Amino acid sequence: MKRQELLSLVESGMPVSDADVSGEDLSGADLSGGIFERVVLRGANLRGANLEELALIGCDLSGADLTEAKLSHAVLVDSTLSATVLRGAKLVSATVKGSTLVGVDLAGADLSLATLVGCSLANVSLAGAELYRASIVTSQLDAVDLSGANLTKLVIHETDLRTVKLSAARFQGTILVGCTLAGVDLRGAKLAGTQLIGGKLAGVDLRGADVTSCNFSNADLTGAHLDEAVAKLAVFSGAKLGKATLRKADLSGAVFDLAPLAAADAEKATLERAVLMDASCRGARFVDADLSFAELSRADLSGADFAGAKLTRARMHRVQDDGATFSDRSAALGDHAQLAAAETWKPTF
């Protein structure tokens, strides 16, 4: 099918089905609002074309050039994009579902508010791309390049990110629910406000990273490295932190309630006003740490080492401290009799 015939069909509002437009020059063409079903666009030139609100169902755009094309509100379903060029393209509020993207170049593209569902992305470049409030759900990201991309309020759900390049990516309010980042090097990363709830982060390297106000609730951080990290007001509720290292980390106001921290190392960490209620800190090291005004009620501190730790006004109500080592706990607050009575009260009838 030639350019003029295609344009005529789109202009008349007719769907285009089972057509082959391979290699056709469609640069600058206005195909907005069209419906393409099983259309082959392999190697087509669509540079600067207007494809806004275009529906592409079961189409093949392999090798097509869509540099700076306009695809805002476009819908791509069950389509194939292999070595497709979309540099600087506009895909604002676009929807891509069940499609395969291999070696696609989306560097500098704008995918703000876009949604990718059930897609397979391999060796895709999103370097410097805009992904503000975009959503990536149940998709595979294999060796995807997100370096320098804006990930503000991006939502990624249950995705393996271990091979994704994240250097210099901008995180702010990013939501990575149930994602896998185990063993990933994120040293010095700026992740303030990122939601990593239920993440698989065993062995992740966050040394020197800024994870202020991050939410790690129920995440697996076993053996993770957070040395010298800034984690003020971060939430680690129920997170697995066994054998994690938090040496010299700033954990002021961080929340560790119900978190397992067995054998974790928080030497010289700042835990001022941190909450460790009901946490399991068996064998953990808090040597020379500052736990001033920290809340440790009902925590299991068995075998923990608090040598040189500052415990000014730290609440240690009903803690288990068998075998724990303290240089001086005289400034800490012990059991609260009335609270203990209320906690252990049982009805008599």
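Quick note on our numbering: the sequence shown kicks off at 318 and runs consecutively.
Yeah, the Cβ is synthetic: ideal placement off N, Cα and C, and Gly gets one too.
These numbers come from a predicted model, not from an experiment.
Going by C-alpha positions, residue 404 is about 22 Å away from residue 472. When secondary structure is reduced to three states using DSSP, residue 363 falls in the coil class, being assigned neither helix nor strand. For residue 494, the uninterrupted beta strand (DSSP E) segment begins and ends at 492-494. No residue range can be given for residue 609, since it is assigned to no beta strand (DSSP E) and is classified by DSSP as neither H nor E. Around the C-beta of residue 331, fewer than 16 other C-beta atoms lie within 10 Å, and the residue is accordingly described as exposed.
Around the beta-carbon of residue 665, fewer than 16 other beta-carbon atoms lie within 10 Å, marking it exposed.
Straight through space, the alpha carbons of residue 477 and residue 516 are spaced by roughly 10 Å. The alpha-carbon of residue 475 is positioned some 41 Å away from that of residue 630. Closest in alpha carbon position to residue 419, among 380, 583 and 340, is 380.
Assignment of residue 661 by DSSP, reduced to helix, strand and coil, places it in the helix class.
Positions of the beta strand (DSSP E) runs, each at least 3 residues long and wholly inside the stretch 444-507, are given as 452-454, 457-459, 472-474 and 492-494 in order along the chain. Each residue's CA atom was taken as its position, placing residue 576 and residue 591 some 13 Å apart. Straight through space, the alpha carbons of residue 548 and residue 458 are spaced by roughly 28 Å.
Under the 10 Å beta carbon count, residue 387 is surrounded by 16 or more other beta carbons and is classified as buried. With fewer than 16 other Cβ atoms from the protein chains shown falling within 10 Å of its own Cβ, residue 645 counts as exposed. Assignment of beta-bridge partners to residue 653 by DSSP yields no partner. Going by C-alpha positions, residue 529 is about 41 Å away from residue 368. The closest CA to that of residue 610, considering only 643, 641 and 571, is found on 571. For residue 327, the three-state secondary structure derived from DSSP is helix.
DSSP places residue 431 outside any beta strand (DSSP E), giving it a letter other than H or E. Setting aside the 5 residues that flank it on each side, residue 621 is surrounded in the same chain by 598, 601 and 641, each with a C-beta closer than 6 Å to its C-beta; the list follows chain order. Short of 7 Å from the beta carbon of residue 520, and not among the five residues preceding or following it, lie these beta carbons of its own chain, in chain order: 499, 500, 540 and 541. Going by beta carbons, residue 586 and residue 558 fall outside the 8 Å limit. For residue 333 and residue 348, the gap between their C-alpha atoms comes out near 11 Å. When DSSP states are grouped into helix, strand and coil, residue 632 belongs to the strand group.
Residue burial annotation: residue 322 is exposed, with fewer than 16 other C-beta atoms found within 10 angstroms of its C-beta. Comparing C-alpha distances from residue 503 to each of 488, 583 and 647 shows the shortest one belongs to 488. If one requires a minimum length of 3 residues, the beta strand (DSSP E) runs lying completely within the stretch 346-428 are 352-354, 372-374, 392-394, 397-399, 412-414 and 417-419, in chain order. Nearest Cα to residue 550 within the set 436, 533 and 537: 533. Boundaries for residue 569: no beta strand (DSSP E) harbours it, and the DSSP string shows neither H nor E there. Less than 8 Å divides the Cβ of residue 414 from the Cβ of residue 394. Between the alpha carbons of residue 370 and residue 391 lies a gap of roughly 4 Å. Sequence-distant Cβ neighbours of residue 359 in its own chain, meaning closer than 8 Å and more than five residues away, are 339, 340, 377, 378, 379, 380 and 381. Contact check for residue 455 against residue 434 passes: the beta carbons are separated by less than 8 Å. For a cut-off of 8 Å, the C-beta gap from residue 447 to residue 464 is around 14 Å, too long to register as a contact. Closest by C-alpha distance to residue 494, out of 608, 337, 511 and 617, is 511.
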